[in-house]
Amino acid sequence: MMLSNNSGGSIIDDDIFCDEFEPSTTCTYIFSVVLSLIALIACIGNLLTIIVVILDPLKCLRSPFTSFVVNLSIADALQGAIAVPFVVYHLLDHEKGLRLTSKTVHCLTCISLLSVFFSTVIISVDRYIGITRPLKYRVHLSHGRCLKIASAIWVISIGSGFLITYRPYETISFMVYNYFMLVTGIIVMFITFVLMYRFLKQNERQFCEKLRSASITSTSSRYNAEKRVTIVLLIVLSIFMGTYIPALVMLNLSQYCFECSCETRYDLYVIRYILLVSNSAINPFVYSIRMKDFRNSIQSLFVRKTNRKTRYRLITDTSSDGVSNLEKSAAM
């Protein structure tokens, strides 16, 4: 998950690949252009997501799920705006003689990756509780608690980023910490993914009965909404694991495949980072494509001269019978 094996080395540490290894100019520029495009898309897409949720023009995006989505979008946007440009800058230092403190790049990269990672883990747990314990979920998960959880994510990410940067990679305790943290998070997400999928397939009728027994109206709409929001998360988790698991394999190959050529190990190392940051650019498209509230809110926010008839249609489309975004969100 991390970008350097040596706290004092480069972001692409020469010792990892070969002594005095210099990557080709073509590869360096290709990787730099790809990362720059990912950073640009991640910044624009995630900033748009943050603005839409905060302004919430149709008053339909207030829920614990969207609070955690905003936290993930902040992490994704910071990764695209700060971490990736620093990595591109560092990739080019061989070509242009640029110099930047490698520890700064390494620390920023670790913090951004960890914040995205932990935010995704929390969202997966949030959705699991939301569909398996719907009544307790609505009562106990307040906005204040969401804020505390989000703050904890950033405290842990920043603390871990500094710890990883300034602790020698070769120590056993660091390696255990690094891999344990990454693998544990992936296992948690995978387990919640499987459990949520099974729940949606097997417990639709029981879920509606629980809501009816509590005298909650619009049970069918509520269940369908929970299901659709959960499907959005399942897509996000699929993309996340589809990028992080191959990246973990490439991490081990780049470090421990001593028979591989220097160029191969270098390419694996950089492609791994591209995979890690690519989901930051993909997530906003998932929200806008799969969540009807986001689409309608974007239209209402940026189409300034929306007439009354159109605005009424958007409002009634996103909220009917007193059902808020968690009940109507992510409609296909």
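Here the sequence shown stands for residues 8 to 339, numbered as in our numbering.
Ideal Cβ placement from N, Cα and C applies to all residues, glycine included.
I need the DSSP call for residue i, collapsed to helix, strand or coil.
i	result
arginine 69	coil
arginine 297	helix
isoleucine 138	helix
glutamate 270	helix
leucine 120	helix
cysteine 264	coil
serine 149	coil
threonine 224	Confidence is the limiting factor: at threonine 224 the pLDDT is only 49, short of 50, which leaves the residue's position unreliable, though a coordinate-based value still follows. Coil at threonine 224, not helix or strand.
Keeping to the same chain, check which residues put their C-beta closer than 6 Å to that of residue i; ignore five residues upstream and five downstream.
i	result
alanine 49	Asp83, Gly87, Ser287 and Ala288
valine 60	Leu68, Thr73 and Val77
serine 80	Asn53, Thr56 and Ile57
proline 30	Tyr273
cysteine 264	none
valine 190	none
Among the residues of its own chain, which have a CB less than 7 Å from the CB of residue i, if the five just before and after it don't count?
i	result
asparagine 78	Ser126, Ala157 and Ile160
tyrosine 144	Ile136 and Gly137
serine 122	Ala82, Ile160, Trp161 and Ser164
leucine 240	Ile130, Ser131 and Arg134
threonine 139	Phe206
leucine 275	Met257, Leu260 and Ser261
threonine 237	Arg134, Ile138, Met203 and Leu207
isoleucine 296	none
leucine 105	Since pLDDT at leucine 105 reaches only 49, below the 50 mark, its modelled position is unreliable, and no value is offered.
lysine 234	Leu207
Under 8 Å by Cβ, that's how I've got residue i and residue j pegged, so tell me the actual separation to the nearest angstrom.
i	j	result
valine 277	phenylalanine 38	5 Å
glycine 192	isoleucine 118	Rounded, the Cβ-Cβ distance is 15 Å, inconsistent with contact.
valine 128	methionine 196	6 Å
threonine 32	leucine 98	Between leucine 98 and threonine 32 the Cβ distance is about 11 Å, and since that is not below 8 Å, they are no contact.
Leaving out the 5 sequence neighbours to the left and right, which residues in its chain are closer than 8 Å to residue i when beta-carbon positions are compared?
i	result
isoleucine 246	Asn286, Ile289, Asn290 and Val293
leucine 282	Thr250, Tyr251, Pro253, Ala254 and Met257
isoleucine 89	Leu115 and Ser119
lysine 43	According to the sequence as given, residue 43 is serine; it is not lysine. For serine 43, where only same-chain residues beyond five positions count, the Cβ hits under 8 Å are Val91, Pro92 and Val95.
leucine 308	Ile58, Val59, Leu62 and Pro64
leucine 85	Ser119 and Ser122
methionine 248	Ile193, Met196, Phe197 and Phe200
Assess contact between the region 197-206 and the region 93-102, defined as three or more Cβ pairs (one per stretch) separated by less than 8 Å. Is contact present? no
Touching or not, the region 145-153 and the region 70-82, by the rule of three or more beta carbon pairs under 8 Å? yes
Unbroken alpha helix (DSSP H) runs of length 4 or more, entirely within the region 27-98: which are they? 32-62, 71-85 and 91-98
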